[in-house]
Structure formats: C-alpha cells, structure tokens
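Take a look at the structure below.
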Amino acid sequence: MPSLLRCARLRLRFGFIRWCGCGTVPSTRPASTPLRSTLLRSRRRVETVIAGGGPDIVFQPIVRAHDAVIEGYEALSRFPAGGGDTEAWFADAAHCGLGPALERSAAVKALAESARLPDGYFVAVNLSAATLLVDAALVNELLDYGRQRPLVVELTEHGALDDEDAVVAVLGELKRGGVAVAVDDVGSAYAGLRQLVVLEPQIIKLDAFVVHGMKGHKVKSAMAELVLEFARRTEARCVFEGIETDDDLEAATLIGADLLQGYRIGRPAAVDLLV
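Start counting the sequence shown at 15; every next residue gets the next number (the numbering used here).
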C-alpha cells in the first residue's frame, strides 16, 4: 500500500508540474532558433547567386616551372561581399542542401566563359565527388567540353569519400572520355594519401600550406619531395600551389617542381582581361 500511495503522489505531482508549464514536455511546434534563421539566410543568399547565373568566375594561370610558359588556368569562383570567403559560400550551400546546385552553377559558368580563352590551354574546374555522383547531366557536359579542349576536374574533398567505388567509377568515365582528374590540396587533408592511391589522379596539387614558406623549412621541403616523387612514379603531374614570394618560387624550382600556381606567378583575372 505505501508503494501504491507513493506512485499515486508522484503521478499527481508530475501532472501538476505539466499543468503549470514547469515540466520538460516536448513541444510539437518547430523551434525558431538562431541556427534555423542562419540556414534560411544562407539558403536565400545561395539561391540568389544561382538564380543570377552563378558566381563570378576568374582564371588563375598555371605555368611550367622550367620556362614559365602557361599551360592552363584554374577557374575560381568569386561571390558577393558580406557572405564570407569562397569556401564559406560552398560550405553554407552544402549545409542548407544546395551544395550540388551551387557547384553546378559555378562549373557551367566556368566552362562557358573559358571557351573564350585562346586554344591550347587546359581549364581546371573544382567539383566535389558528391556532386559528380548525383548530377549525371553535369558529367555529360564535362565530357562534351573535354572533347573540344583539355579539361581538368579538381576534386575538392578534404575527408573520406562516402562511396569510394561509385566515385572511382564516375572518375573512370571522365578519364576514358579524355577529362583529366586532379586531387586538390594534397598535404592538408587527413584522407589525402588514401585518395592518391584510390583515385589515381593524373594531376596532384600540393597544398599552399606546404609550398608557401618552404625555403629553409626542412619538413615542408621533405613533404614536397615525397609528393613530387610519388607523382613521377605514377606518371602524374604535380602542381605546386601557393607560390607567393620569390623565395617560394626559388625553392619550388630548385626542388624540381613541374607546374606552378600562385600570386607570384599570376593573379586570378576575369576572362575579358585574358583574351
């Protein structure tokens, strides 16, 4: 009996707490939180850019190390001020479910504008593996473009791939169609070495963190030499990103770099300034 009485009292007490609103009773109404508001603002910003035809596109030259001759250009996205840097825009788009849509708009605009560049240069566009997996039409557009002029797809993944087999399959389709595959930011990501082995890229881009300030830095120099040797043994080309100073240029040249990219080599510019 005492036990039953105690249970009854607890039920009455819990009922009173719920009645007066002091209990932790889940609400059925969607919460209006700062995070939700931030996501909505991000979504509206991204949708506005997509509706306007995508971000602005600029092209940065990539040159041969031994004679400074331009071999190609990387297409880079530029967004309206106030929304963070380029990485922040793409991260926000991914968080609000518009990552593939924003990447598509940037890639399609880059392909259209790069068609105005002089013949003989390759064009590199940045795409995530996730976008390539869900947008078969974009893959076909890349293949169509690759039949007209040299094209490189730079993978922007900084972590483990969700479906390696599917990614390898779609990259294999691009390679067979004449589109080269590059792995970006090698030396900065935890999964970078695995991606080099699994994806077998034709171009390896050594991250600016390793390249910038390499002169006189034993560890950075050793890392650069390892990546460069890996590229040579796998018949890939290696781009040293982040050449910002004369010292960076000297160190990369002495170490035997193949291709160079950075502000010391050439700043990104709109296509109108390159034709």
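All C-beta atoms in this analysis are idealised placements derived from N, C-alpha and C, irrespective of residue type, glycine included. Keep in mind the model is a prediction, meaning the values are calculated, not measured.
With a beta-carbon spacing of about 15 Å, C252 and I279 fall beyond the 8 Å limit used to define contacts.
For the pair R118 and L152, the CB atoms are nearer than the 7 Å cut-off.
Secondary structure of Y87 (DSSP, three-state): strand.
In this structure G67 is exposed. Its beta-carbon is surrounded by fewer than 16 other beta-carbon atoms within 10 angstroms.
In this chain, the alpha helix (DSSP H) harbouring P114 covers 113-128.
Within the same chain, Cβ atoms closer than 8 Å to the Cβ of D260 are found at R278, the five residues on either side in sequence being excluded. For the pair A143 and E171, the CB atoms are nearer than the 7 Å cut-off. Here R246 carries a helix assignment [DSSP, helix/strand/coil]. Residues L220, D221, F223, V224, M237, V241 of the same chain have their beta carbon placed closer than 7 Å to that of G201, with the five preceding and five following residues left out of the count. Annotation: T47 to A79 spans about 52 Å, alpha carbon to alpha carbon.
Under DSSP, A194 shares a beta bridge with V166. DSSP lists Y87 as the bridge partner or partners of P75.
In the DSSP assignment, F254 falls within the unbroken beta strand (DSSP E) covering 251-254.
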